[in-house]
Amino acid sequence: MALHDKYTKPYDPALYEKDIYNSWEESGYFNPDKLPHLEDRTETFSIILPPPNANGRLHAGHGSDFVLKDIMGRYHRMRGKKVLLLPGADHAGFETQGVYEKKLQKEGRSRFGMERDALYAEIFDFVMENKHFMEDDVKKLGTSCDWSRNTFTLDAHVISHVEQTFFQMYKDGMIYRSKRSVHWNPKFKTSLADIETTFEDRTEPFYYFQYGPFEIGTSRPETKFGDKYVVMHPDDTRYKQYKHGETFEAEWINGTVTATVIKDTAIDMDFGTGVMTITPWHDLTDFEIAQRHDLNFEQVIDLDGRLMDVAGEFAGEKIHIARPKVVEKLQKKGLVTRIEPKQQHAVRVCERTGVVIEPQLMDQWFVKMKPLTTLALDALATGKISFVSPQFEKIFTHWMENPIDWNISRQIVWGIQIPAWFKNKGTADEEILVQKEKPSGSGWVQDPDTFDTWFSSGQWPLVTLGYPDGADFVEYYPTTVMETGRDLVFKWVPRMIMFGLYLAKDVPFKDIYFHGMVLDGKGQKMSKSKGNTLSPIELADAFGTDAMRMSFIVGNTPGQDMALTTDKVRAYKKFANKLWNVARFIYSNTEDFDLAAYDSSQLDDDALTILRAFDDLTSDISRDIEAYRLYLGAEKIYHYIWHELADKIIESSKAHLTDDALPKNKAAAQYLLLRVFEGSLKILHPFMPFITEEIWKDFPRKDKDLLMVEPW
RNA sequence: GCACGCUUAGCUCAGUUGGUUAGAGCAUCUCGUUUACACCGAGAGGGCCGGGAGUUCGAGUCUCUCAGCGUGCACCA
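Below, the structure written as structure tokens:
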């Protein structure tokens, strides 16, 4: 019994998990080039892991992320494929700089006024010091990824690749510089891409003002100083006596203005009075109207969110302070016709910081999206990519058919600085050169802006595999599957597809699997402010990584959100212990048995039925995994071990195991137990790798390797 | 407004191509320590599978419709 003393105590994951992960790592099998029987591994299976923020810890969403992919990887490795799971870390430009700015604030410092290089170096050191926490978390989840290929989005070769892409796109006319309406975050002082913003419902007063002969509606009186165009729908019969282009005098905030009538179909006749004035510098819709009619633009609000000189007496005031004062002044002038105290409308805010976006006209670099989205739509139409959950196809298609050009300039230092040079910037004879080296001659300064994070992470499959001529690129591109959260259906996935098609002329992956969000037990979003978050790391510490993994898999259907409770994790901890005791029973009852010497032709029909049923289960679960139904496979092996192997096969074996008068029956029972147990351990391994590997150590077979590379 | 999703046991959810008696975890109740396991075992209660209509020999599963909930969107002046 000495050999199996460890089984007399309940399974304690903390005793084994770290050593087991180390033994996997030391075996080299995470690296596809070092797998055993390499000559037989003719097929590859590869996944580029989404790089988490180098400076963050893993949260519940990452739990789904890594566990789903690791199960696929482990399954295909055991099925004899050459498996590559490639890990990485993202510098997460804006998000990380935000974290660092908070740190600076606590120290009584600010990034404004700091030397660019000094700030970059500080953040770089900070991130490098903290990056290993995130990587330790990835290991804690049991992820069988190849750390020798670990890549960071600010590695020198990544930076150089991203710059090359920028040059090529500029040369191809895919990138242009233009003064356009951008989403400006006045607090963090950077522009943002469309997808980095979101709408928040606000209830605010809605004002009606008399503007010449018209009554106009607005929720933003403080932007109205420079307004000199009044816009209505050409088909609006209420205003048919007014002709496009005619002018009139109107008494306004700071005196009389001359206004021009504009007719444009962008106006919703049913909204407000059907008439509005426009502020092209600070509103995207207004900007587009102004462009169509070649109108003048005037800046009213500066980059700090303060009113400019055009506001007269209000100049220098923060907009939210100026608003009631402007209304008061208009009231005194008798120009306020009515106020709707509570009108619900959506305000665009920065997704990461919640700061209200102030649209501004700025010179920025833009990527032309239409040619790229056309490539992506073709790939979908010709079946080069396919969605595991078809509902995403429509969402994806809709987005691809209605693209807006992508602003890739960010006014932060934490990222890859844009390799473009300006001379006489902002003047009439401005010159621009797009190149890595500083141009000769005097007066050239580099664009201080950095690339949007998604500009580099969008090229992730290419850069990590060594596009265009790296050995990995040749062997693994396109990768097998992209599995990620459904929140990245716009942000990340389309960009990888477009960059892949544009640069490598092929998709970066064939199948796209979106998992849902991880919600709390009440079906609500997890958030720090609600205090309802569950960390996969803490769950793994409390209940074991295997139990945590199972709880992230069972019930996690593609594209559907999943509720997670500690009760669920606890249930799988019990299952781990159940398996542990199954091992104890089987090993202690087969110590006098020689598995290799047993002649299986002596088995009776009942035993053969059990073995056949197990083979059926194996192929059933294989099909489930290959069709991305991991949630079903996990449930099936759980059910089998508990309610077939433990409840039935072990129970009915007890009579034979004690019956020494019939050694033939005893041996048959022992054989059956070991065979079914061996298979069960293998099938369960991708889902619960640690405990199965630990139990495997004691399995009575001489020629065995680590369970992670045993043939399925 | 448009699009997508959801509605199955008290709670959170599975149910893969339509096919025996609709399952799991947690919760509830009863009994039980006899070769593993009390982090357990045996068993029980609890479901007009959101409402209605249709297709079919057969519908939780397919179609239509209604209702409620949720999510997303370049509407929101």
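Quick note on the numbering used here: the first sequence kicks off at 122 and runs consecutively. C-beta atoms are modelled at their ideal positions from N, C-alpha and C, and glycine is treated no differently.
Evaluate residue i with the Cβ neighbour count: other Cβ atoms within 10 Å of its Cβ, from every protein chain shown; 16 or more gives buried, anything less gives exposed.
i: Ser-773; result: exposed
i: Ala-755; result: buried
i: Lys-769; result: exposed
i: Asp-700; result: Note that residue 700 corresponds to Leu in the displayed sequence, not to Asp. By the 10 Å Cβ count, Leu-700 comes out buried.
i: Pro-208; result: buried
i: Arg-237; result: exposed
i: Glu-908; result: Because the chain here runs from 122 to 833, residue 908 falls outside it and cannot be looked at.
i: Ser-302; result: buried
i: His-806; result: buried
i: Gln-452; result: exposed
i: Tyr-128; result: buried
i: Met-122; result: The predicted model places Met-122 with a pLDDT of 41, which falls under 50 and marks its position as unreliable, so this point remains unresolved.
i: Phe-392; result: exposed
i: Ile-525; result: exposed
i: Ala-776; result: exposed
i: Arg-359; result: exposed
If you reduce the DSSP assignment to three classes, tell me which class residue i lands in.
i: Ala-380; result: strand
i: Phe-320; result: strand
i: His-636; result: strand
i: Gly-800; result: helix
i: Phe-369; result: strand
i: His-278; result: helix
i: Arg-162; result: coil
i: Phe-309; result: coil
i: Leu-207; result: strand
i: Glu-558; result: coil
i: His-180; result: coil
i: Met-671; result: helix
i: Trp-763; result: helix
i: Gly-606; result: strand
i: Ile-529; result: coil
i: His-197; result: helix
i: Gly-347; result: helix
If you measure from the CB of residue i, is any heavy atom of the ligand SAH nearer than 6 Å?
i: Ile-525; result: In the structure on display, the ligand SAH does not appear, and there are no ligands present to speak of.
Thinking C-beta only, is residue j closer than 7 Å to residue i?
i: Thr-458; j: Tyr-329; result: yes
i: Ile-192; j: Phe-808; result: yes
i: Thr-319; j: Glu-138; result: no
i: Lys-803; j: Glu-831; result: yes
i: Thr-600; j: Pro-171; result: no
i: Ile-771; j: Ser-801; result: no
i: Leu-240; j: Arg-232; result: yes
i: Leu-685; j: Val-639; result: yes
i: Ala-314; j: Asn-528; result: yes
i: Pro-582; j: Pro-629; result: yes
i: Pro-873; j: Asp-404; result: The shown model of the chain, from 122 to 833, leaves out residue 873, and the question about it has no answer.
i: Leu-795; j: Leu-732; result: no
i: Ala-380; j: Phe-369; result: yes
i: Thr-274; j: Glu-336; result: no
i: Lys-694; j: Ala-718; result: no
i: Met-647; j: Ala-213; result: no
i: Phe-853; j: Trp-520; result: This structure gives no information on residue 853, because the portion of the chain shown stretches from 122 to 833.
i: Arg-444; j: Glu-321; result: no
i: Leu-778; j: Ala-788; result: no
i: Asn-176; j: Asn-271; result: no
i: Leu-136; j: Ile-168; result: no
i: Ile-316; j: Val-488; result: no
Based on the DSSP secondary-structure assignment, which residues constitute the bridge partners of residue i?
i: Glu-552; result: Lys-544
i: Lys-439; result: Arg-427
i: Met-919; result: Nothing can be reported for residue 919, as the shown portion of the chain is limited to 122 through 833.
i: Tyr-297; result: Phe-487
i: Ala-684; result: Leu-640
i: Phe-273; result: Ala-210
i: Ile-169; result: Leu-207
i: Ala-717; result: For Ala-717, which the question treats as bridged, DSSP gives no partner whatsoever.
Within 8 Å, do at least three Cβ pairs link the stretch 303-310 to the stretch 360-370? no
Does the stretch 340-359 come into contact with the stretch 394-411, if we say contact requires no fewer than three beta-carbon pairs (one atom in each stretch) closer than 8 Å? yes
Should the stretch 570-584 be regarded as contacting the stretch 274-290, the criterion being three or more beta carbon pairs within less than 8 Å? yes
Pairs of beta-carbons, one from the stretch 694-708 and one from the stretch 645-655, closer than 8 Å: are there three or more? no
Would you call the stretch 540-557 and the stretch 492-506 in contact, with 3 or more CB pairs under 8 Å? no
Is there contact here, the stretch 559-569 with the stretch 143-156, by at least three beta-carbon pairs under 8 Å? no
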